[in-house]
Structure formats: C-alpha cells, structure tokens
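In my numbering, the protein residues as written are 5 to 595.
Notes follow the structure.
So this is what it looks like as structure tokens:
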C-alpha cells in the first residue's frame, strides 16, 4: 500500500492478498463480533434449533424486514443446496455459517470495491493512464478490518452498506457525466437511472431506517445537480422524479406484502418451495393489516425506555470512540479533511472539479451521518459500517503525497492486524467452537441441558448435524440450550436449583432425581475472578452439587468481563484466562 510512487505490480500484489484474506480466510474465522450477525441475518431465524424466533422477528414486534436475511442468507443457501442436490433443511451448522459469509464477501467486492474503483478512476483519469495500479481508496477499503470481517458476515449493516454504496455509485457517476458532452439520444437522468435510484432507496430503507441518514446528502446533491442544469427543461426532470417515486413505491409495496405475509405466518421459508399467495392477500392498506417494519423500528428506537435494555451511551460515543474502533487512524484523516487541516504541505495544483465534488459529497455524508446517528443515545460501532466508503475516498485524496504517509501506513497496518486478530480470532470465539462441538463430538454426552453464562447469545444453528442421504431435521432435540446472558451469580444458582432436582436424600438408584446432571459453559476468567469458594462441592438449601471440569474451548476473550491478570503468572497460566470452560454439574452423592 503505497501512494503515488507505488508500482502497479506492488499494488496488485497487496490487493490480491487482501482479497484472499476476505474471501478465503475471513468466512472461516471463529470470532463472534456481535449477536446480530447470527440473530438478524437469518441463520438463527430459519435454521436455529430453538423454535423461538429472534425477538425482532416475532409478530408482536415485527422490527425487521425479511428481505435482508433472504438476500444474504436464504438465497445463498438455497442456491448451494440446489447445486449440490441437497435438502435446504438438511444443511449442517458449518454450512449455514460459512456459505452466507462467502456470499457476502463476494458481494462486498463486487459492490463496494468495484464502485469505489470506478469513481476514483473517473475522477483521476490521467493518473490511471500513467499508473494502472490499484487505487489507494480501494486498498484502504480492502485492508480495513470492518471490510474483511463485517462485510463478509450477514449483518443488517452489511446489507445497508451495499445499498448505500450502490446509490452513491450511480448518483455520483451520473452527475460527473455532466462534464462529458452527450448525444441527444443519450440524456442524463434517464428513466433507467431514475428507476434504479427508487429501487435502491426502497431496499435500503427496509433494510435499516438509518439508511436515510447516509444517503440524505447524496440525494440532496442529486436534486441540486438536476435542478441546476440549464440544458434540461423542467419536463424531463419532472419525469425523472416521477419514475423515482413510482419505482420506490412499487418496490416498497412488494417488500411490504412480503413482510406482511411473513408476519401473518403465510410465508414459510423453511419449506423447499414456497409461493406468495397474492390472491389471499386482503389489501392490507385498506384493512390496516399491513406491516411496516421501518416505522416499527423507528418507533421502537425513538423510545428511551426501549433503548435502556440495550445500553445507553453519551452522544459523543460515535464520533470519539466508535469511529476509532472501526477505522483507527483513518478517522483522524477524515476529521483533518473536514476541518481543512492540511496533511500535505507541499504545493500542488488545485484539485480537479470532479475530484473535489466526490470529496465534498463524502465529507458531507460523514458529518451528516455522524450527527444523525449521534442523536440516539444507543450507539454501537457497527452502525457506522457504511462510513468505510466515504473515509476511503477522503483518505485517498489527503494521503497521496502527504509527508505523514509512512507514519499513517505503519499505524494503519498495526491497527487493522490487531483488530482483525481481536474480532476474528479471539472475541467470544469459544461460543462458536463450543456450539459446533455440541452438534458433533459432544452431542452424545448424557446431559441434555447446556447453560451458557457470561457469554454472547449462543447461536443454536451451529449444533445442526448433516445427515447423509436424509432430508430429516438435523437438530438434536435432546439438547437444550439455556442462555443466562450476563445475569448475576444468584440467578445462576437459582437456575441450578430449578433445573437439577437434587435432594440430599435422593442418592440411590431406587430414588433417582429427575435430572441428575447438566453442562455449564462459562469463561475461565469468570471462575478465577469471582473466586467461587468451594463451588466444586456446593450445598444450596439442602441440595448438593458437584462441579467437574469436562473440556474447554479457545481462544476466547470477553471484553465485557475483562480479566484482572496477574502479570507474575506464567504464560501457560495467563492463557487459561482466555478459554471457555465446560463443567458438568451433577447431584452430589453422599456416602
């Protein structure tokens, strides 16, 4: 990754290796970034072994459109099962995990990388005629850890990013064509362009309502450009606006119909074949049975009482914390650009009009997007995933020829390697490993109840096992997963009392307890930090239990309960902090 003086061969070599990491390595990494990558992407919704759907997809809430999980998860898996002549519901947990990730990784290259490449080339034609290498903006996107990890996973934010970059690409490309003389038979802002804008806006809004925050400056720029073109009469512009509205309305209507039928229980995507029965659709617009997921989500997120359940943050969290978590030193470059702090002190000619337009729209989108998202008190880093597009474009402009380039490059590499290791290999990785083990080698163990405590939500679809030559369900119904989340110690002990019906007198075979043992999955660091005195022979309210170590999975790091590490301990002892342990809890036998 070198700016101006880099050779085309070097840039292509770097980019090729980054693509290999994104497509071939990243989809198989066990790191668990956030529960929404499993619970909003469709994997747990349609393939989970728990019959209860994620709460956002329950009819009483209906906060999520089914379109994004259909596009990112259901369709790739359906295509995969068709190619290999498999039943859709006979796929294993690993197949359900990896195939959607591969599809998202490829889509991110075709949409994000290609769009940024085309826009950069369009603004810097002379440079590419001389160079022919990979643009710095594309290298910045390809080397950013959110692109490698998050864009290759079925987050709703991933789909949102795809929609944002698609709209950004066609709008900027069309507007920059104004500097090129066009034939009378090839007008700007034609019908096809207008229809594409309407469809993309509909897809984006129904993916996440925050899509509007990112594209508002882009659409305003489009409106300004269309209105201020003297060479166009008002009549063609009127038709362009009309086609945008019609395509947006038509696309939205189809999505609304799909969502409404899904939440009415009339669209079962777990079947091998399904049809949308429009004949039985009761004109929901008239009967008020329509499901408008963007409005439901907006209403839910506008209530502070609802957001308290997910955590409240200061309004500056996005700008001063989350941007740096996702983009590190590139965030500073963007802020310097917005506040016009020069990184390159050498004299250079004025930027071409095309390039300055592209940068101005990107800067405006960064500022407006940050301001709009910061208005809500619940702020998570993944909400800023679409920012990678605009940060790369701004960085491409400021870093070329800048004297700080070498320092930036060093920080950029260290930052992304560190975060890629953290979220790709360490963060909650034991949950993924352990759930996969429940569906394979550990599935034959006697205990049928698995209690997860102080971990992220366990995705039950990972316990699915592939049955060769059988189309039957692959979930082991004998295994039950109980997620205690980050509850207190008292809740854990109460759960043990209710699930293990042990009595001190019930110790003989003739008087066998109802459930004699279960598995508890817990980070080792919790055991060490809480110092559970005598927990291996615990006596609660006359009920006696034994705790015995079974296995562990790692590496596993939970940032919510970060360990207080004793630096005088050995390396082997320190590594024990970063494991997820499995303990068998059984009724204590009194001799």
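Idealized CB from N, CA, C, for every residue including glycine.
Being a predicted model, the structure only gives us computed values, none of them experimental.
Quiz prompt | For residue 14, the three-state DSSP class (helix, strand or coil) | solution = Indexing the chain shown from 1 puts residue 14 at position 10. Helix.
Quiz item: Are there 16 or more other CB atoms within 10 angstroms of the CB of residue 483, so buried, or fewer, so exposed?
Solution: Taking the first residue of the chain shown as 1, we reach residue 483 at position 479. The residue is buried, with at least 16 neighbouring Cβ atoms inside 10 Å.
Quiz item: What do you get for residue 130, buried or exposed, if any count of 16 or more other CB atoms within 10 angstroms of its CB means buried?
Solution: Start at 1 with the first residue of the chain shown, and residue 130 comes out as number 126. Residue placement at residue 130 cannot be trusted, given a pLDDT of 47 that sits under 50; the coordinates are not used to answer.
Quiz item: Below 8 Å, can you find three or more Cβ-Cβ pairs linking the stretch 418-426 to the stretch 145-158?
Solution: yes
Quiz prompt | Complete beta strand (DSSP E) runs within the stretch 188-227 (minimum length 3 residues, chain order) | solution = none
Quiz item: Under 8 Å between the Cβ atoms of residue 338 and residue 395?
Solution: For the purposes of this step, residue 338 is taken as the residue at position 334 of the chain shown. For the purposes of this step, residue 395 is taken as the residue at position 391 of the chain shown. A contact, by the Cβ cut-off of 8 Å.
Quiz item: How do the stretch 77-87 and the stretch 489-505 stand: do at least 3 beta-carbon pairs fall below 8 Å, yes or no?
Solution: no
Exercise. Give the straight-line distance between the Cα atoms of residue 436 and residue 14, rounded to the nearest whole angstrom.
Key: What you label residue 436 is simply residue 432 of the chain shown in a count that begins at 1. What you label residue 14 is simply residue 10 of the chain shown in a count that begins at 1. Computed Cα separation, rounded: 37 Å.
Quiz prompt | Contact under 8 Å by Cβ, residue 35 with residue 428 | solution = Taking the chain shown and counting its residues from 1, the one referred to as residue 35 is at position 31. Taking the chain shown and counting its residues from 1, the one referred to as residue 428 is at position 424. Yes. Within cutoff.
Quiz item: Who are the near neighbours of residue 354 in its chain, counting only those whose CB is closer than 6 Å to its CB and skipping five residues on each side?
Solution: Residue mapping note: residue 354 aligns to position 350 of the chain shown, counting from 1. With a pLDDT of only 47 at residue 354, under 50, the local geometry of the prediction cannot be trusted, and the value read off the model is given with reservation. Nothing meets the Cβ criterion.
Quiz prompt | Cβ-based neighbour list, residue 198, same chain, cut-off 6 Å, excluding 5 preceding and 5 following | solution = Numbered from its first residue, the chain shown carries residue 198 at position 194. Taken in chain order, the residues that qualify are 244, 247 and 248.
Practice problem: Could you name the residues of the same chain whose beta carbon sits closer than 6 Å to that of residue 256, not counting the 5 residues immediately before and after it, in chain order? | Solution: Position 252 of the chain shown, counted from the first residue, corresponds to residue 256. Same-chain partners within the cutoff: 206.
Practice problem: Rank 452, 497 and 363 by C-alpha distance to the C-alpha of residue 521 and give the top, closest one. | Solution: The residue you call residue 521 lines up with position 517 of the chain shown. Among 452, 497 and 363, the Cα nearest to that of residue 521 belongs to 452.
Practice problem: Starting from the C-beta of residue 377, find all residues in its chain whose C-beta is less than 8 Å away, skip the five residues before and the five after it, and write them out in chain order. | Solution: Within the chain shown, numbered from 1, the residue matching residue 377 stands at position 373. Within the same chain, residue 377 has close Cβ partners 214, 217, 322, 383, 387 and 388.
Quiz item: Are the beta-carbon atoms of residue 342 and residue 371 separated by less than 8 Å?
Solution: Walking along the chain shown from the start, residue 342 turns up at place 338. Walking along the chain shown from the start, residue 371 turns up at place 367. Result yes, Cβ atoms of residue 342 and residue 371 sit closer than 8 Å.
Quiz item: What residues are listed by DSSP as bridge partners for residue 526?
Solution: Taking the first residue of the chain shown as 1, we reach residue 526 at position 522. Bridge partners of residue 526: 585.
Practice problem: Helix, strand or coil for residue 377, going by three-state DSSP, please let me know. | Solution: As a position in the chain shown, residue 377 is number 373, starting the count at 1. Note: residue 377 maps to helix in three-state DSSP.
Practice problem: Just confirm the distance between the C-beta atoms of residue 270 and residue 70, as a whole number of angstroms; I'd bet it's less than 8 Å. | Solution: In the chain shown, residue 270 corresponds to position 266, counting from 1. In the chain shown, residue 70 corresponds to position 66, counting from 1. In fact, because the Cβ distance is near 12 Å, the residues do not count as touching under 8 Å.
Quiz item: Quick one: does the C-beta of residue 425 sit closer than 7 Å to a heavy atom of the ligand ATP?
Solution: The model on display carries no ligand, and the ligand ATP is accordingly not part of it.
Quiz prompt | N- and C-terminal bounds of the alpha helix (DSSP H) containing residue 409 | solution = Reading the chain shown from its first residue, position 405 is the one you call residue 409. Counting along the chain, the alpha helix (DSSP H) containing residue 409 begins and ends at 409-425.
Quiz prompt | Chain-order list of residues whose beta-carbon lies under 6 Å from that of residue 430 (same chain, five-residue window excluded) | solution = The residue given as residue 430 occupies position 426 in the chain shown. Excluding sequence neighbours, residue 430 sits near 559 and 561.
Quiz prompt | Beta-carbon contacts of residue 332 that lie in its chain and below 8 Å, excluding the five residues immediately before and after | solution = Position 328 of the chain shown, counted from the first residue, corresponds to residue 332. Counting only Cβ-Cβ distances below 8 Å, and skipping sequence neighbours, we find 415, 416, 419, 420 and 423.
Quiz item: What's the call for residue 585, buried or exposed, on a 16-neighbour Cβ count within 10 Å?
Solution: Sequence index remark: in the chain shown, residue 585 carries index 581 (1-based). With 16 or more Cβ atoms within 10 Å of its Cβ, residue 585 is classed as buried.
Quiz item: Thinking C-beta only, is residue 459 closer than 8 Å to residue 53?
Solution: Here residue 53 is taken as the residue at index 49 of the chain shown, counted from 1. Here residue 459 is taken as the residue at index 455 of the chain shown, counted from 1. No; because the gap between Cβ atoms is not below 8 Å, this pair is not in contact.
Exercise. Look at the Cβ atom of residue 66, then the Cβ atom of residue 300, and state whether they are nearer than 8 Å.
Key: Reading the chain shown from its first residue, position 62 is the one you call residue 66. Reading the chain shown from its first residue, position 296 is the one you call residue 300. The answer is yes: Cβ separation under 8 Å.
Exercise. Leaving out five residues on either side along the sequence, give the residues of the same chain with a beta carbon under 8 Å from the beta carbon of residue 143.
Key: Counted from its first residue, the chain shown places residue 143 at position 139. These residues qualify, in order along the chain: 5, 15, 18, 19 and 22.
Quiz item: Terminal residues of the continuous alpha helix (DSSP H) containing residue 82?
Solution: Position 78 of the chain shown, counted from the first residue, corresponds to residue 82. 79-87 is the extent of the alpha helix (DSSP H) around residue 82.
Exercise. Return the first residue and the last residue of the beta strand (DSSP E) that residue 487 is part of.
Key: Mapped onto the chain shown, residue 487 falls at position 483. Note, residue 487: beta strand (DSSP E), 484-487.
Quiz prompt | For residue 125, the nearest candidate out of 139, 115, 117 and 457 (CA to CA) | solution = As a working note, residue 125 is residue 121 in the chain shown. Out of 139, 115, 117 and 457, 139 has the C-alpha closest to the C-alpha of residue 125.
Quiz item: Taking the DSSP output, what are the residues bridged to residue 453?
Solution: Within the chain shown, residue 453 is the residue found at index 449, counting from 1. In DSSP, residue 453 forms a bridge with 484.
Self-check item: Straight-line gap, residue 1 to residue 68 (C-alpha atoms, nearest Å)
Solution: Any question about residue 1 goes unanswered here, given that the chain covers just 5 to 595.
Exercise. Give the range of the alpha helix (DSSP H) segment to which residue 122 is assigned.
Key: Counting from one through the chain shown, the residue named residue 122 turns up at place 118. Its alpha helix (DSSP H) spans residues 118-127.
Quiz item: When you compare only the Cα positions, how much space is there between residue 555 and residue 526?
Solution: As a working mapping, residue 555 is identified with position 551 in the chain shown. As a working mapping, residue 526 is identified with position 522 in the chain shown. If you take the alpha carbons of residue 555 and residue 526, they lie about 11 Å apart.
Self-check item: CA nearest to the CA of residue 230, picked from 194, 259, 385 and 211
Solution: Residue numbering aside, residue 230 sits at position 226 when the chain shown is read from its first letter. For the residues 194, 259, 385 and 211, the minimum Cα distance to residue 230 belongs to 194.
Quiz item: What are the residues that DSSP puts in a beta bridge with residue 551?
Solution: Position 547 of the chain shown, counting from 1, holds the residue named residue 551. BP columns for residue 551 point to 589.
Quiz item: How many whole angstroms separate the CB atoms of residue 28 and residue 153, which I take to be in contact at a CB cut-off of 8 Å?
Solution: Reading the chain shown from its first residue, position 24 is the one you call residue 28. Reading the chain shown from its first residue, position 149 is the one you call residue 153. Residue 28 to residue 153, Cβ: 14 Å. No contact.
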